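Residue numbers (the numbering used here): 567 to 824.
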């Protein structure tokens, strides 16, 4: 399946190019542009290399834990990095985050542009704590200008842990693969009882209708989820309704310092 941005990435590296897969990478079949990611995917690593990687992952975890140690009960907002400020979804994310910030919740996002920026900007509008967990990517992802605190991570799984660990509610704004990855991981954690009584709000009925139709007419009809699982998500277009739903089950914390 071709990605819409494939044309901007240029052709695959030619044999002999430094970025071309060699050795175990070639046997694996596909390469990633980042050397560190290639090494992670290469299963022919020495034990000392894996141990050093474990240490680096541990350092990322401890950095995130230390930076957000005093932060509790955030509302985490997931959403696309690709929507500009004049998009209606941007305005909705900013308004919702402002309302939640005024209610006393810190706002946590992936720290990047687009709807993440909108949510952090809404937190700033309300004078609420605005937080971000950024990810190192070759393009597209950079910390937005509306963050009071932010951490940058190499590994997606460490970043997702931080987005969940410090949250008490989740908002799904329109987005792509990354947004869906975060959203479904949260649902699995709730469905399997790893986290309890966390409200999840999905904003944008028209945008998400193909997905909700598939969940109801595909997954539920096939028996791969239960009817109770559908109740894990509250779908709405109304900012007031979304705020009421979160406040009905979650109390905002006392505001920490910045």
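All C-beta atoms in this analysis are idealised placements derived from N, C-alpha and C, irrespective of residue type, glycine included.
As the structure is a prediction and not an experimental result, all values here were calculated from the model.
So is residue 683 buried or exposed if we call it buried at 16+ other beta carbons inside 10 Å? buried
Simplified DSSP assignment, three categories, for residue 816: coil
Cα-Cα, which of 737, 763, 667 and 750 is closest to residue 645? 737
Measuring CA to CA, which of 714, 802 and 701 is closest to residue 685? 714
Delimiting residues of the beta strand (DSSP E) encompassing residue 644: 640-644
Apply the 10 Å Cβ neighbour rule to residue 665 and answer buried if 16 or more other Cβ atoms are within range, or exposed otherwise. buried
Looking only at C-alpha atoms, which of 675, 733, 663 and 790 sits nearest to residue 636? 733
Enumerated in chain order, which unbroken segments of the alpha helix (DSSP H) with a length of 4 residues or greater are wholly contained in the segment 730-769? 743-757
Does DSSP put residue 811 in a helix, a strand or coil? helix
Residue range of the unbroken beta strand (DSSP E) whose run includes residue 700: 696-701
With distances taken from CA atoms, which of 758, 656 and 641 is nearest residue 647? 656
Taking all protein chains shown into account, decide if residue 742 is buried (16 or more other Cβ within 10 angstroms of its Cβ) or exposed. exposed
Let me confirm a value: residue 817 is counted as buried when at least 16 other C-beta atoms fall within 10 Å, else exposed. Which label applies? exposed
Residue closest to residue 759, alpha-carbon to alpha-carbon, out of 688, 678, 701 and 795: 795
Do residue 812 and residue 765 have their C-beta atoms closer together than 8 Å? yes
Quick check on the burial criterion: 16 or more other C-beta atoms within 10 angstroms. Buried or exposed for residue 780? exposed
One question on the structure: do residue 667 and residue 688 come within less than 8 Å of each other, judged by their Cβ atoms? yes
Return helix, strand or coil for residue 648, following the three-state DSSP convention. coil
Would the beta-carbon of residue 729 fall within 8 Å of that of residue 674? yes
In the DSSP assignment, what residue or residues form a beta bridge with residue 715? 697
Using the Cβ count rule (16 or more neighbours within 10 Å means buried), how would you classify residue 783? exposed
Under 8 Å between C-beta atoms of residue 710 and residue 679: yes
Per DSSP, what are the beta-bridge partners of residue 675 in this structure? 698
Environment of residue 662 [buried if 16+ CB atoms lie within 10 Å]: buried
Residue 778: first and last residue of the uninterrupted alpha helix (DSSP H) it sits in: 771-780
So, at 6 Å on beta carbons, what are the nonlocal neighbours of residue 755 in its own chain, with the 5 sequence-adjacent residues on each side left out? 761
Inter-residue Cα distance where the pair is residue 809 and residue 659: 12 Å
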